[in-house]
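Protein chains in written order, with the numbering used here: chain R, 213 to 349; chain L, 213 to 349; chain X, 213 to 349; chain C, 213 to 349. Glycine residues also receive a C-beta, built at the ideal position from the N, C-alpha and C atoms. In this text the structure is predicted, and so the values were computed from the model without any measurement. See below for the structure under consideration.
There are 4 protein chains.
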Amino acid sequence: MTMTHAEEMLQTHPTGAVVKSGALADCIEACSDCAQSCTACADADLGEDDVATLIRCIRLCEDCSDICTATERVVTRQTQSEPELARVIVQACAQSCRLCGDECQRHADHHEHCRVCAEVCRRCEQACEELLSALAA
Amino acid sequence: MTMTHAEEMLQTHPTGAVVKSGALADCIEACSDCAQSCTACADADLGEDDVATLIRCIRLCEDCSDICTATERVVTRQTQSEPELARVIVQACAQSCRLCGDECQRHADHHEHCRVCAEVCRRCEQACEELLSALAA
Amino acid sequence: MTMTHAEEMLQTHPTGAVVKSGALADCIEACSDCAQSCTACADADLGEDDVATLIRCIRLCEDCSDICTATERVVTRQTQSEPELARVIVQACAQSCRLCGDECQRHADHHEHCRVCAEVCRRCEQACEELLSALAA
Amino acid sequence: MTMTHAEEMLQTHPTGAVVKSGALADCIEACSDCAQSCTACADADLGEDDVATLIRCIRLCEDCSDICTATERVVTRQTQSEPELARVIVQACAQSCRLCGDECQRHADHHEHCRVCAEVCRRCEQACEELLSALAA
């Protein structure tokens with residue numbers, strides 16, 4: 213099985229990763245995927261005829277994309293890490309993915325992009341929870 | 213006294229701001245200022261002869277800039293706000309500013325950019341705490 | 213007259229700024245202001261009853277906010293600067309501000325937030341053009 | 213072969229993507245990968261004993277990550293797209309990846325993370341060039 217670039221970058225870090233587990237690479241990749249899906253979902257919502265019913269979805273997708281991007285960057289960095297700072301930003305990210313995934317799910321039957329985005333949010337929420345467990349270990 | 217553009221934008225929002233107080237505009241502006249100072253401080257550190265002693269400062273400034281940027285965007289948005297999401301991201305931001313401000317302060321006697329950045333971090337930490345109080349009210 | 217933090221950070225940089233003029237600080241501050249206004253305007257549009265007529269405004273505000281944020285960071289950094297990279301990103305930013313400012317202007321009579329955002333975009337476009345002139349000098 | 217989430221989101225967009233080709237999905241994914249690798253490489257550089265020889269690498273990685281993140285967001289959006297704005301930001305991204313890839317390549321023999329990051333930058337530069345060709349077609 214091929215390593216992703218995120219895994220390769222973690223393995224070639226001079227001081228090694230803080231968390232010795234796949235949870236870190238999974239969280240980085242889930243945040244990256246979720247940031248992209250949320251930007252795409254907010255934009256697809258804007259192209260729908262029923263945009264007026266999708267306002268909360270757009271709003272939460274915008275927030276979720278911004279928080280996932282920041283979280284991805286913070287947990288990517290391994291030099292002089294502050295586990296407590298990682299913890300609070302990953303918690304914020306999990307919460308954002310939960311709220312956004314719940315809202316996208318409400319529109320999943322009508323809009324395929326909301327269905328896909330809800331899945332990606334769920335996976336990112338779960339990856340954040342698993343990293344929180346690994347950080348607490 | 214002139215209003216800032218952030219204040220003007222809050223006052224012209226169709227549904228009005230969630231938090232009826234100056235705490236919101238102050239937090240937006242403090243996050244914006246802190247994101248810029250932290251990017252500038254990390255970069256100035258890279259130009260110093262004693263860069264090897266500034267690694268933790270660079271790392272925390274990078275994180276703080278990313279978290280302030282995300283926080284500024286989330287608290288700027290007023291449509292369909294989720295106070296609980298605002299709360300967790302502003303808490304993460306306050307913690308990031310505290311850690312980064314403490315580290316910059318340690319170098320304040322040797323590097324003027326660290327002294328300025330420490331001040332800006334303190335102000336942003338305080339603005340975050342004040343917004344958290346306003347959100348809880 | 214008080215210096216802004218962006219100016220203080222430029223003046224305390226160990227190697228000094230690449231561009232010896234106020235054009236750099238002006239561009240940094242204009243990008244910061246424009247990124248915030250565009251996020252706020254896109255969000256205010258989402259709260260309007262006539263949101264369906266504001267789709268292009270929202271789209272361009274989102275792009276403009278992202279490009280201003282990246283540009284602000286790139287031009288803030290002074291260590292080992294690449295003038296050619298600064299040039300292309302500042303050009304992209306000027307173009308984004310022009311397109312977004314034109315679109316916001318179209319809604320300025322109906323929505324005060326669009327009027328304010330159009331002004332901020334114009335000022336950022338101009339600050340980018342002035343920095344491009346200073347970089348070419 | 214499984215579709216990526218970026219491809220799924222493009223295919224479920226209500227108005228369809230501006231560019232009818234795989235070049236768009238490739239560019240989105242390459243930007244996402246490159247933003248992450250550049251953040252990771254800048255951070256790994258900070259953990260190296262010879263950090264003082266890696267200053268230009270760190271600087272260019274920081275810029276490249278910021279520009280890739282903005283570019284990924286702009287080209288992800290398909291509603292009311294402005295091809296000319298896409299063109300200038302993708303050009304800036306190609307140039308950033310070229311400069312950053314060249315610098316990382318100079319350290320590829322000594323630092324494995326620079327070798328991986330150089331490859332990712334090259335691939336993103338190429339994906340940007342291919343999207344520019346598709347946009348011009």
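Asked                                                                                                                                                                               : Found
Is the CB-CB distance between Leu266/R and Arg271/X below 8 Å?                                                                                                                      : no
Taking one C-beta from the segment 222-233 of chain R and one from the segment 315-329 of chain X each time, how about it: are there three or more such pairs within less than 8 Å? : no
Candidates Ala298/C, His322/C, Gln317/C and Ala320/C: which alpha carbon is nearest Ala311/X's?                                                                                     : The residue asked about is misnamed: residue 311/X is Leu in this sequence, not Ala. With distances taken between Cα atoms, Leu311/X lies closest to Ala298/C.
Counting along the chain, where does the alpha helix (DSSP H) carrying Ser345/R start and finish?                                                                                   : Glu324 to Ala348
What span of residues does the alpha helix (DSSP H) with Ser293/C cover, start to end?                                                                                              : Note, Ser293/C: premise wrong, no alpha helix (DSSP H); not H, not E.
List in chain order: all unbroken alpha helix (DSSP H) runs of 4+ residues lying wholly within the segment 234-260 of chain C.                                                      : 234-258
Skipping 5 residues on each side, what residues in its chain have a beta carbon closer than 7 Å to that of His319/C?                                                                : Leu266, Cys269 and Cys326
Figure out for me which residue from Thr291/R, Cys239/R, Glu220/R and Glu341/R has the closest Cα to the Cα of Ala264/L.                                                            : Thr291/R
Suppose the cutoff is 7 Å on Cβ atoms and the five residues either side in sequence are ignored; what does the same chain contact list for Gly313/X look like?                      : Ala330, Cys333, Arg334 and Glu337
Output yes if chain R places a C-beta closer than 8 Å to the C-beta of Asp275/C; else output no.                                                                                    : no
Which class does Asp278/L belong to by DSSP, given the choice of helix, strand or coil?                                                                                             : helix
What is the DSSP secondary structure of Val286/X, reduced to helix, strand or coil?                                                                                                 : helix
Determine the contact status of Val302/L and Leu236/L, defining contact as a CB-CB distance below 8 Å.                                                                              : no
Taking all protein chains shown into account, decide if Ser345/C is buried (16 or more other Cβ within 10 angstroms of its Cβ) or exposed.                                          : exposed
For Cys239/R, which option in Asp275/R, Val300/R, Cys280/R and Ala252/R has the closest C-alpha, if you only look at C-alpha atoms?                                                 : Cys280/R
What is the DSSP secondary structure of His217/C, counted as helix, strand or coil?                                                                                                 : helix
Nearest-angstrom Cα distance between Glu341/C and Met215/X?                                                                                                                         : 42 Å
Taking only the alpha-carbon atoms, compute the straight-line gap between Gln307/R and Ala348/X and give it to the nearest angstrom.                                                : 47 Å
By Cβ distance, which residues of its chain are closer than 6 Å to Ser277/R, with the 5 residues on each side in sequence left out?                                                 : Ala247, Cys250 and Thr251
Is it buried or exposed for His322/C, if we count other Cβ within 10 angstroms and need 16 for buried?                                                                              : exposed
Which residues, in chain order, does the segment 296-329 of chain X contribute to contact with chain C at a C-beta distance below 8 Å?                                              : Glu296, Leu297, Val300, Ile301, Gln303, Ala304, Gln307, Ser308 and Leu311
If the cut is a Cβ gap below 9 Å, which residues of chain C does Leu347/R touch?                                                                                                    : By Cβ distance, chain C contributes nothing, its closest Cβ being about 18 Å from Leu347/R, past 9 Å.
Give, in chain order, every residue of the segment 226-248 of chain C whose Cβ lies closer than 7 Å to some Cβ of chain R.                                                          : Pro226, Thr227, Ile240, Ser244, Asp245 and Gln248
So is Thr291/R in contact with chain L if we call contact Cβ pairs under 8 Å?                                                                                                       : yes
Kindly indicate if chain C contains any beta-carbon less than 8 Å away from that of Leu343/L.                                                                                       : no
Residues in its own chain within less than 7 Å of Glu260/L by CB, not counting five upstream and five downstream?                                                                   : Leu266 and His323
Once you ignore the five residues that flank Ala256/X on each side, which residues in its own chain have a CB closer than 6 Å to its CB?                                            : His325
Less than 6 Å between C-beta atoms, sequence neighbours within five positions excluded: which residues of the same chain meet that for Glu274/R?                                    : Ala254
Can you tell me whether Glu296/L is buried or exposed, with buried defined as 16 or more other CB within 10 angstroms of its CB?                                                    : exposed
Please report the straight-line C-alpha distance between Gln317/L and Cys309/L, rounded to a whole angstrom.                                                                        : 12 Å
Could you pull out every residue in the same chain whose Cβ sits closer than 7 Å to the Cβ of Ser244/R, ignoring the five residues on either side in sequence?                      : Glu284
Quick one: grab the DSSP three-state call for Thr227/L.                                                                                                                             : coil
Does the beta carbon of Asp278/L come closer than 8 Å to any beta carbon on chain R?                                                                                                : yes
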